[in-house]
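Residue numbers (the working numbering), protein chains in the order written: chain A, 296 to 508; chain B, 296 to 508; chain C, 296 to 508; chain D, 296 to 508.
Contents: one structure, followed by commentary.
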DNA sequence: AATGAATGAGTGTTCATTCAT
DNA sequence: AATGAATGAACACTCATTCAT
């Protein structure tokens with residue numbers, strides 16, 4: 296049992312090591328431009344080793360995405376679940392969302408790529424994992440309406456719109472984040488903008504709207 | 296001059312014909328899956344002909360995108376420019392944006408693909424053409440603040456966030472639009488949701504926010 | 296029409312050229328060891344050209360086999376159909392069969408390879424084209440029995456056995472034909488044995504048997 | 296010495312176990328499609344173990360063939376050696392040959408595969424082991440001629456032709472044995488034909504020929 | 001002796017682009 | 001101007017074999 300656990304631990308460590316390297320390479324070069332060999336070279340292992348842990352290139356890529364999504368959801372839930380006030384929950388979710396991607400900028404790239412390369416798989420994983428978030432968001436809006444903090448609204452549509460807002464800001468930021476691509480297809484970062492700068496205006500827009508009270 | 300203009304007219308017509316066919320095929324099959332021959336077959340011309348009007352496959356695809364962006368901007372500006380009230384301008388822009396994509400659903404697909412296939416080119420075209428929109432949006436916000444209709448805000452960030460909101464809703468809708476992919480890679484539409492259903496909740500969120508007044 | 300015919304003629308010529316080169320290379324190197332590029336190099340054309348004329352490597356290989364089988368059947372039928380006497384027909388068929396393979400030694404190799412690489416396809420083509428031969432062979436045996444030249448026999452089994460005899464001799468010869476394989480996988484011919492040497496003993500065995508009369 | 300013999304006995308038993316498993320798997324799946332791991336899994340041992348008993352995959356396969364050939368020769372010789380009459384010896388050899396393959400249908404598959412996968416090795420083993428048979432067959436024919444039972448003939452060629460006849464019938468049967476391949480690449484047997492049905496027509500043809508006496 | 005994780009050579013096929021006609 | 005036959009670079013994946021444990 297010791298041996299098995301230890302072995303399992305080693306295999307698990309290697310799996311995570313591959314996921315990490317793959318996340319980096321895929322984010323830097325893009326799914327299409329990335330050769331499986333690029334990742335195995337980065338890890339200094341043989342190509343075949345990757346195929347011992349993941350079924351194929353696509354499966355590896357989707358695992359990178361799935362793993363990131365799980366971490367994102369966990370991060371948001373662990374923050375929000377301990378709060379009570381609906382507006383506070385929204386603030387916390389917005390902040391955690393942006394902080395997560397600020398800490399994992401490569402994952403923005405991964406998300407964008409999965410979205411376009413594997414529409415249906417993205418939808419499935421997205422719906423599975425992110426669906427939970429939408430459900431909680433709707434509950435939160437209903438609670439806010441019930442206690443009189445929020446105005447009347449169509450809860451389903453509004454939850455969709457808020458979720459869309461976050462994703463839209465993320466993508467806009469992602470598009471403005473990189474100034475130029477160099478010869479190797481790599482990107483040079485722009486340091487003067489931070490994703491978390493958008494926490495305040497987004498929260499304010501969502502809660503207050505534009506019109507003067 | 297007559298001859299040249301006429302020739303130019305013919306060439307221009309053919310160019311537009313190619314753009315139209317390409318938009319359709321690219322949207323249906325995706326950029327990667329689309330062979331140049333698919334488009335030339337659709338037009339009943341030889342492959343080589345396309346290369347007389349566009350430098351390469353990528354250039355054709357980007358032209359399809361650029362042409363669509365121009366149409367989108369023109370549609371929004373023609374609606375909004377005749378209005379005075381800042382909130383009304385926002386309402387009109389939101390409505391026109393969603394109506395445009397409801398009328399040109401293929402262009403949603405094109406946008407998503409450009410975004411992921413040609414990051415830097417997308418950014419460039421996006422910034423060039425859409426930059427104008429952002430500038431006008433900022434002006435509108437400033438006008439609204441000046442006349443006391445809008446609360447105080449960081450205009451640049453808020454304009455970004457509103458723009459992001461629209462794009463986010465569009466993408467969310469695009470992801471939910473298609474239920475299942477059939478064997479041919481084609482998609483089956485879902486008829487029970489309309490993009491313009493989001494005009495009201497989006498407008499309301501932007502202008503009013505969530506908190507009860 | 297002229298153009299089309301001419302074009303068709305050119306395309307047909309190229310097709311036959313590819314079949315001829317493929318037959319040679321496949322026979323020399325074997326199906327597995329032969330790279331598609333080996334054939335295209337032999338023809339001094341690009342790899343892609345082969346794929347304009349044949350669907351894939353397997354399809355090309357099977358076409359080589361099918362084409363050879365058609366030629367074999369045509370050769371046998373053109374000889375035998377003009378004859379009347381059942382024993383003479385058998386003699387002629389045996390002779391033509393061995394002569395064909397003596398003139399097309401590469402085709403022996405092709406047959407052996409198809410047989411093992413593509414069992415089911417071999418069977419299908421074999422049955423389709425060779426089935427005709429078996430039918431005629433049975434008819435011939437029945438005619439010989441009817442006119443009293445042949446003894447009583449089970450016609451179906453005997454036709455099978457005679458056909459098997461020819462194939463068996465062919466294969467035995469094929470196995471003894473090549474002395475050693477050199478480094479390149481090529482073979483050095485042995486000149487002191489001829490397939491047609493077996494015409495007489497085979498014919499004699501089939502018609503007379505071993506027992507003294 | 297006891298230990299060594301015992302160990303040798305165990306090793307020998309394991310060797311035979313591997314040969315048996317390999318024969319089955321190779322016959323079912325074919326040489327190319329069979330992975331070394333398939334065999335080691337079937338034996339519930341590690342892959343490396345096979346390499347302790349056989350040099351490589353090819354060597355294992357050829358050993359399977361060689362072992363079968365030895366068994367075939369032994370079967371034929373044990374039957375024929377006790378007989379005197381040349382025609383009876385032929386009858387017995389034909390019957391034993393077909394009976395052997397009827398009892399070891401997997402070995403038909405093995406033979407066919409060796410023949411095409413390893414031409415030269417097949418020839419070598421074939422000549423070594425089967426050469427003995429041809430020699431005895433020639434002696435038998437000479438004895439038959441000497442005692443007046445057989446007609447005059449070229450003994451070498453006729454022995455070849457008779458051997459070829461058996462192999463040809465075997466292969467024809469092998470080709471007709473399998474109706475269709477299912478999805479797994481497996482084959483469905485046809486039950487209405489038996490290899491031993493050919494003992495009589497083959498024997499009759501060899502001894503009597505077709506012509507009425 | 002036994003294991004099985006790691007290795008990496010090897011290849012069929014697609015399709016954007018060219019250019020002779 | 002238009003064509004479409006020809007080109008050839010590019011790349012994922014398998015699996016026999018090895019060797020550290």
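In this text, a Cβ means the ideal position worked out from N, Cα and C, and glycines have one as well.
This one's a predicted model, so the numbers in the text were calculated from it and none came from an experiment.
Residue 400/C is outside the set of residues whose beta carbon lies under 7 Å from a beta carbon in chain D. Straight through space, the alpha carbons of residue 328/B and residue 349/C are spaced by roughly 22 Å. Look at residue 407/A: its C-beta is under 7 Å from a C-beta on chain B.
Contact with chain B is absent for residue 363/A, since none of that chain's Cβ atoms lies less than 7 Å from the residue's Cβ. Sequence-distant Cβ neighbours of residue 439/B in its own chain, meaning closer than 6 Å and more than five residues away, are 381, 445.
For residue 388/C, the nearest beta carbon of chain D is not closer than 7 Å to its own beta carbon. The three-state secondary structure of residue 413/C, taken from DSSP, is coil.
Around the beta-carbon of residue 442/D, fewer than 16 other beta-carbon atoms lie within 10 Å, marking it exposed.
With 16 or more neighbouring CB atoms inside 10 Å of its own CB, residue 455/A falls in the buried class.
Taking a Cβ-Cβ threshold of 7 Å, the residues of chain B close to residue 445/A are 505, 506, 507, in chain order. When CB distances to chain B are screened at a threshold of 8 Å, the residues of the segment 408-431 of chain A falling below it are 408, 410, 411, 412, 414, 415, 417, 418, 421, in chain order.
With a threshold of 16 other beta carbon atoms within 10 Å, residue 410/A meets it and is buried.
In the three-state scheme derived from DSSP, where H, G and I count as helix and E and B as strand, residue 321/B is classed as helix. Using a Cβ-Cβ cut-off of 7 Å, residue 494/C does not count as an interface residue toward chain D, since no Cβ of chain D sits closer than that to its own. Contact between residue 500/D and residue 501/C holds, with the beta-carbon distance rounding to 7 Å and staying under 8 Å.
The Cβ-Cβ distance between residue 408/A and residue 326/A falls below 7 Å. It is roughly 32 Å from the alpha-carbon of residue 402/B to the alpha-carbon of residue 506/A. With respect to the 7 Å criterion, residue 433/C and residue 450/C are classified as neighbours on the basis of their beta carbons. When DSSP states are grouped into helix, strand and coil, residue 506/C belongs to the strand group.
Contact annotation: residue 460/D and residue 460/C have beta-carbon atoms nearer than 7 Å.
Taking 7 Å as the CB threshold, residue 441/B stays off the interface with chain A. For residue 349/D, the secondary structure class from DSSP, reduced to helix, strand or coil, is coil. A distance below 8 Å between beta-carbons, with the five flanking residues on each side excluded, links residue 361/C to the following residues of its chain, in chain order: 420, 424. With contacts defined by Cβ atoms closer than 7 Å, residue 490/C and residue 396/C form a contacting pair. Between the C-alpha atoms of residue 508/C and residue 390/C there is a straight-line separation of about 25 Å. Taking a cut-off of 8 Å on C-beta distances, the segment 310-325 of chain B does not touch the segment 369-385 of chain B, as fewer than three cross pairs fall below it. Residue pairing by DSSP places residue 445/B opposite 506/A in a beta bridge.
Counting only unbroken stretches of 3 or more residues, no beta strand (DSSP E) element lies wholly within the segment 327-409 of chain B. One finds nothing in chain B with a Cβ atom closer than 8 Å to the Cβ of residue 433/A; even the nearest lies about 13 Å away.
Within the same chain, and ignoring the five residues on either side of residue 384/C in sequence, the residues whose Cβ sits closer than 8 Å to its Cβ are 375, 378, 435. In the assembly as shown, residue 447/D is an exposed residue. Its beta-carbon has fewer than 16 other beta-carbons within 10 Å. Annotation: Cβ neighbours of residue 470/C in chain D (cutoff 9 Å, chain order): 410, 414, 417, 418, 421, 422.
For residue 351/A, there are no C-beta contacts with chain B under 9 Å, since the nearest C-beta of that chain is about 17 Å from it.
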